[in-house]
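To keep things clear, I will list the structure first and then write my remarks on it.
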Amino acid sequence: MFVLSILLLIAAAVLFLVGRGRTGAGGWKLGAVLSAVAGVLAGVFSCVHVVSAYEVGVPVTFGKIGTPLVSGMHFKSPFTDVTSFSTRPVDLDLNGKDVVEVRSSQGGVLYADVTIKWAVVPAKAVALYRLAGSEEAVEERLVLPDSREIVRNVFAKHTSEEGYASAREQISSEIAGLVKERLAPRGIDVTSVNLRNVRPSEKLQDQIDKKIQQEQATERATEASRTAKAEAERKRIEAEGIARANKIIERSLSDKVLYNQCLEAYKEAAKANPVYAVPCGTDSNGTPVIVDSGKK
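Here the sequence shown is numbered in our numbering, starting from 7 and rising by one per residue.
In structure tokens form, the structure reads like this:
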């Protein structure tokens, strides 16, 4: 803008000089006036800079960095360049082609989708300008590489199973803490880190499936063994119960009891058919014999 102002003023001077030496040069003089006015306006605008809301400007004059400019209108030297940084939160999405490939402590490959929300701290705009040079470079040179490095380092401390299942919340918390700790001194405020998805590679998925099948087979074998042991224990208890019952019966079967049972049997048999019976004996040779009268 300042260069344009100089060119317009030079043009105004040329038009004025050319028009002064000619008769009827009203058009030349008018052109000179208009050029001079335009040159002055361009010069004024080159000395004014407006910083938009939610932005901070870093002025640089001949390589010297000045005090950051807050939102509003500012007067500056026409030789001063102002680099603006947005202070609004920005989402850095590490997914798709930018997904983070990580390795677990066991060497398994996983893919992590991460979203990092960050913003420039206005008071640290000068430091960020020195480190990166522009708002786009802040993300490319600072936020992106540091975040990817931290994500890989955190996953490397955990097993594959912890990475995609059991410890995802813990891993997300670790990543958030380390990213904030790394970027805060540089003037970058990390408001949130969201570990949205973790998926194993195809090779790791095959290993996981085989492990699950082995665990299921082991569980089935363990259950079968447990069932067999329970059945054997049940049969042992049943056998012991029968043995104890037989011992009780054996102790209770005296000669008098057997004689009484023999008489009861004769009574029941006599109700149906006449019988001839040898009286029951009470010694070892006295086995009762029942003879049906209908048979010879």
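We put the CB at the ideal spot given by N, CA and C, even for glycine.
With distances taken between CA atoms, S166 lies nearest to E107 out of E107, R154 and V54.
For R94, the closest alpha carbon among the candidates D119, W124 and P74 is that of W124.
Burial check for S178: the Cβ neighbour count within 10 Å reaches 16 or more, so the residue is buried. Counting only runs that start and end inside the region 86-157, the beta strand (DSSP E) elements of at least 3 residues fall at 86-92, 96-100, 106-109 and 115-126. If the five residues before and after S140 are omitted, its C-beta is found closer than 7 angstroms to the C-beta atoms of T89, all from its own chain and listed in chain order. Across the set R158, E142, L148 and Q219, the C-alpha of R158 shows the shortest separation from the C-alpha of L116. Cβ-Cβ distances below 6 angstroms link V56 to M79 in the same chain, with the five nearest sequence neighbours on each side left out; the list follows chain order. Out of K103, A129 and P128, the CA that lies nearest to the CA of A118 is found in K103. D195 and E229 have their alpha carbons spaced roughly 55 angstroms apart. Residue environment for F161: buried (at least 16 other C-beta atoms within 10 angstroms of its C-beta). Measuring C-alpha to C-alpha distances from D99 to each of E61, V149 and E175 identifies V149 as the nearest. V64 is a Cβ neighbour of A131, given a cutoff of 8 angstroms.
With 16 or more other CB atoms across the displayed protein chains lying within 10 angstroms of its CB, E61 is buried. As DSSP reads the structure, H55 sits in a beta bridge with H80. Proximity to G114 across I254, I181 and E168 peaks at E168, based on C-alpha coordinates.
The beta carbon of I156 sits closer than 8 angstroms to the beta carbons of I181, L184, V185 and R188 from its chain, once the five residues preceding and following it are set aside; these are given in chain order.
Where L201 is concerned, the enclosing beta strand (DSSP E) starts and stops at I194 to P206. Nearest in C-alpha terms to R202, of all of Q219, E175 and V54, is E175. With respect to F81, V54 sits close: the two C-beta atoms are nearer than 8 angstroms. Between the alpha carbons of Q222 and R232 lies a gap of roughly 15 angstroms. By the beta-carbon neighbour count (other beta carbons within 10 angstroms, threshold 16), G193 is buried. Taken atom to atom, the span from the alpha-carbon of A129 to that of P84 is near 24 angstroms. Residue range R174 to L189 is occupied by the alpha helix (DSSP H) that includes G183, with no beta strand (DSSP E) assigned at that position.
Around S111, the same chain offers A162, K163, H164 and T165 as residues with beta carbons nearer than 7 angstroms, after the five sequence neighbours per side are excluded. V105 is the residue among T67, T73 and V105 whose C-alpha sits nearest the C-alpha of S207.
Cβ-Cβ distances below 8 angstroms link V144 to F91, V126, L134, L137, A138 and I194 in the same chain, with the five nearest sequence neighbours on each side left out; the list follows chain order.
Boundaries of the beta strand (DSSP E) around G63: E61 to T67.
Going by C-alpha positions, V96 is about 29 angstroms away from G69.
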